[in-house]
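S.K.:
There are 2 protein chains.
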Amino acid sequence: MNEQNKAVVLVSGGLDSATTLAMAREQGFACYALSFRYGQRHVAELDAAERVAQSLGAVMHKTIDIDLGGIGGSALTDHSIDVPDQAGKGIPVTYVPARNTVFLSLALAWAEVMQARNIFIGVNAVDYSGYPDCRPEYISAYEGMANLATRAGVEGHHTHIQTPLIAMSKAEIIQTGMRLGVDYGLTVSCYAADDQGRACGRCDSCRIRREGFQSAAVRDPTIYI
Amino acid sequence: MNEQNKAVVLVSGGLDSATTLAMAREQGFACYALSFRYGQRHVAELDAAERVAQSLGAVMHKTIDIDLGGIGGSALTDHSIDVPDQAGKGIPVTYVPARNTVFLSLALAWAEVMQARNIFIGVNAVDYSGYPDCRPEYISAYEGMANLATRAGVEGHHTHIQTPLIAMSKAEIIQTGMRLGVDYGLTVSCYAADDQGRACGRCDSCRIRREGFQSAAVRDPTIYI
């Protein structure tokens, strides 16, 4: 396998990253799936990530432990902050400080070791417009930094941060995934899922997902509590 | 305490980061010291980091666990790669892939939660010229990315990556630290220190440190094995 054909793909267990993995594989990449146990409420995501990585043919799936809960500052990792049913204005309380920066940095480290020149992340600037680290200008700045940070960059090998979903609607994402054979019944998107991965049906992530299936005219396989 | 007077300071337990902490404090910052248990050979560093943070008046000291050893690729975290006695040409085998990027990203997350607008890191482009992530152009790109990554950046608060040592010689660093009351006997620089923090005296880090004390005409307090 040529190193130009390897990709590290961030896989959370949710709908977006599953679709991203399917798209990376369709482009011919050997995919190295990477997940994080970071103190999130919804650990059912990690079981989902494992199922998704296997079902979509990842070469390897690695889960890294990192204690973002010790840093605090988000409803997703600080269990004293309630996950709201509806998004307010501005940046949501479910925003985890610098999360994508931390995740991309660990992906960059693994990519360097594996000599992978592509990192896929399923960020989306449409549904998650309130998250600063889902914007195209952020991704572009990250890629520039990454190419100064590493041995690969110094040696002239460009690392690409690939964000195939960034401008897609949720319906487009779901339609793309269906075409590529993604089984969305394996995925968990809910911010407050129970241990079996059943969704609350009320949080922002559930609402966006449900509306996506409706808009895409695809049966919603989500199991709700 | 005004948020403009808070700083997150990366403290490894080594000589450079101890000096950086002393310099940040001299500038009037309330210092939040941050260390990482990342699979390094030299865990004696972490005991040193705790002593250094306390002795130099850090407001808080946090150690985050992160399994860079699982990613591999460096003599510092992969115990099957020997730490060399002398540096070769190019990027050393002690380079940990994307280490400063990972560390700065966690510092950025904590800074955002603490509303600290300054992050201090003791990188040095003189002694560590072989490390891509110790170069000024890397730090500048990181700062640009960081200000697009966070809620603070979106809200117009600039986060500064402060690298006071970046152009200093080891002798200058030691002389500065002595003036600021750093007890270098508390620090551990060796890549292969034993459990008591005693230095091997042979690795690259030991060599640079010893030559630094000689050039600075300061008694070397290091205890060698």
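Quick mapping for you: the protein sequence lines, in order, are chains H and L.
Quick note on the numbering used here: the first sequence kicks off at 1 and runs consecutively.
Quick note on the numbering used here: the second sequence kicks off at 1001 and runs consecutively.
C-beta atoms are modelled at their ideal positions from N, C-alpha and C, and glycine is treated no differently.
Because the structure is a prediction, the values reported are computed rather than measured.
Taking Cβ positions only, does H/Ser105 come closer than 8 angstroms to chain L?
M.R.: Stepping through the first sequence from its first residue, residue 105 of chain H is reached at position 105. So yes, H/Ser105 belongs to the interface.
S.K.: Using the three-state DSSP reduction, which class does L/Ile1173 fall into: helix, strand or coil?
M.R.: If you number the second sequence from 1, residue 1173 of chain L lands on position 173. Three-state DSSP puts L/Ile1173 in a helix.
S.K.: If you follow the alpha helix (DSSP H) that H/Gln115 is in, where does it begin and where does it stop?
M.R.: What you label residue 115 of chain H is simply residue 115 of the first sequence in a count that begins at 1. Element bounds for H/Gln115: n/a, residue is neither H nor E.
S.K.: Check the Cβ of L/Ile1066 against every Cβ in chain H and list those closer than 7 angstroms, keeping chain order.
M.R.: For the purposes of this step, residue 1066 of chain L is identified with residue 66 of the second sequence, where counting begins at 1. By Cβ distance, chain H contributes Ile66.
S.K.: Between the stretch 36 to 62 of chain H and chain L, which residues of the former have a C-beta closer than 9 angstroms to a C-beta of the latter?
M.R.: Lys62
S.K.: In terms of residue numbering, what span does the beta strand (DSSP E) encompassing L/Thr1019 cover?
M.R.: Taking the first residue of the second sequence as position 1, residue 1019 of chain L is located at position 19. Going by DSSP, L/Thr1019 is part of no beta strand (DSSP E) but of the alpha helix (DSSP H) stretching over 1015 to 1026.
S.K.: Which of the three DSSP states is assigned to L/Phe1103 in this structure?
M.R.: If you number the second sequence from 1, residue 1103 of chain L lands on position 103. Looking at L/Phe1103 - three-state DSSP - the assignment turns out to be helix.
S.K.: Taking the continuous alpha helix (DSSP H) assigned at H/Met168, which residues delimit it?
M.R.: Within the first sequence, the letter at position 168 stands for residue 168 of chain H. Segment: none, H/Met168 is in no alpha helix (DSSP H) and carries neither H nor E.
S.K.: Among the residues of its own chain, which have a CB less than 7 angstroms from the CB of H/Thr163, if the five just before and after it don't count?
M.R.: Position 163 of the first sequence, counting from 1, holds the residue named residue 163 of chain H. Correct list, in chain order: Ile121, Val123, Ile139.
S.K.: Less than 8 angstroms between the beta carbons of L/Gly967 and L/Ile1166, yes or no?
M.R.: For residue 967 of chain L there is no data in the structure shown, the boundaries of chain L being 1001 and 1225.
S.K.: Rounded to a whole number of angstroms, what is the C-alpha to C-alpha distance between L/Thr1222 and H/Thr150?
M.R.: Reading the second sequence from its first residue, position 222 is the one you call residue 1222 of chain L. Reading the first sequence from its first residue, position 150 is the one you call residue 150 of chain H. If you take the alpha carbons of L/Thr1222 and H/Thr150, they lie about 32 angstroms apart.
S.K.: By DSSP's criteria, H/Gln54 is part of a beta bridge. Which residues make up the other side?
M.R.: By 1-based counting over the first sequence, the position of residue 54 of chain H is 54. H/Gln54 is not bridged to any residue.
S.K.: Taking 8 angstroms as the threshold (beta carbon to beta carbon), is L/Thr1101 in contact with chain A?
M.R.: Considering every chain present, this structure includes no chain A. Its protein chains are H and L.
S.K.: In angstroms with no decimal places, state the Cα-to-Cα distance between H/Ala56 and L/Gln1027.
M.R.: Along the first sequence, one-based indexing puts residue 56 of chain H at 56. Along the second sequence, one-based indexing puts residue 1027 of chain L at 27. Checking the sequence shown, residue 56 of chain H turns out to be Leu, not Ala. One C-alpha to the other measures close to 53 angstroms.
S.K.: By the DSSP assignment, the beta strand (DSSP E) with L/Phe1036 in it spans what residues?
M.R.: Counting from 1 along the second sequence, the entry for residue 1036 of chain L is found at position 36. Segment 1030 to 1037, the beta strand (DSSP E) holding L/Phe1036.
S.K.: Consider the Cβ of H/Thr150: report whether some Cβ of chain L lies at a distance smaller than 8 angstroms.
M.R.: Residue numbering aside, residue 150 of chain H sits at position 150 when the first sequence is read from its first letter. Yes, contact with chain L.
S.K.: Is the Cβ-Cβ distance between H/Ile225 and L/Trp1110 less than 8 angstroms?
M.R.: Residue 225 of chain H sits at position 225 when you count from the first residue of the first sequence. Residue 1110 of chain L sits at position 110 when you count from the first residue of the second sequence. For H/Ile225 and L/Trp1110, no; Cβs fall outside 8 angstroms.
S.K.: Sort H/Gly177, H/Ala33, H/Ala193, H/Leu186 by Cα distance to H/Phe103 and report the nearest one.
M.R.: Numbered from its first residue, the first sequence carries residue 103 of chain H at position 103. The option with the nearest alpha carbon to H/Phe103 is H/Ala33.
S.K.: Taking the straight line between their C-alpha atoms, what separation do you get for H/Arg99 and H/Ala125?
M.R.: The count along the first sequence starts at 1 and reaches residue 99 of chain H at position 99. The count along the first sequence starts at 1 and reaches residue 125 of chain H at position 125. Looking at the two C-alpha atoms, the distance is approximately 15 angstroms.
S.K.: Under the three-state reduction of DSSP, which class applies to H/Val9: helix, strand or coil?
M.R.: The sequence position of residue 9 of chain H within the first sequence is 9, counting from 1. If DSSP states are grouped into helix, strand and coil, H/Val9 belongs with the strands.
S.K.: What did DSSP end up calling H/Asp133 once you bin it into helix, strand or coil?
M.R.: The residue given as residue 133 of chain H occupies position 133 in the first sequence. Helix, per DSSP.
S.K.: Check the Cβ-Cβ distances between L/Ile1071 and every residue of chain H, and say whether any is below 8 angstroms.
M.R.: Residue mapping note: residue 1071 of chain L aligns to position 71 of the second sequence, counting from 1. L/Ile1071 counts as touching chain H.
S.K.: From the DSSP output, in three-state form, read off L/Asp1065 for me.
M.R.: Taking the second sequence and counting its residues from 1, the one referred to as residue 1065 of chain L is at position 65. If DSSP states are grouped into helix, strand and coil, L/Asp1065 belongs with the strands.
S.K.: Does L/Tyr1142 get closer than 8 angstroms to chain H when you measure Cβ to Cβ?
M.R.: As a working mapping, residue 1142 of chain L is identified with position 142 in the second sequence. Yes, because at least one Cβ of chain H sits closer than 8 angstroms to the Cβ of L/Tyr1142.
S.K.: Find the residues of chain L that neighbour H/Leu10, judging by a C-beta separation of less than 7 angstroms, and give them in chain order.
M.R.: Here residue 10 of chain H is taken as the residue at index 10 of the first sequence, counted from 1. Those do not exist, as H/Leu10 stays about 14 angstroms from chain L at its closest Cβ, beyond 7 angstroms.
S.K.: Which of helix, strand or coil does DSSP assign to H/Ala109?
M.R.: Walking along the first sequence from the start, residue 109 of chain H turns up at place 109. Three-state DSSP puts H/Ala109 in a helix.
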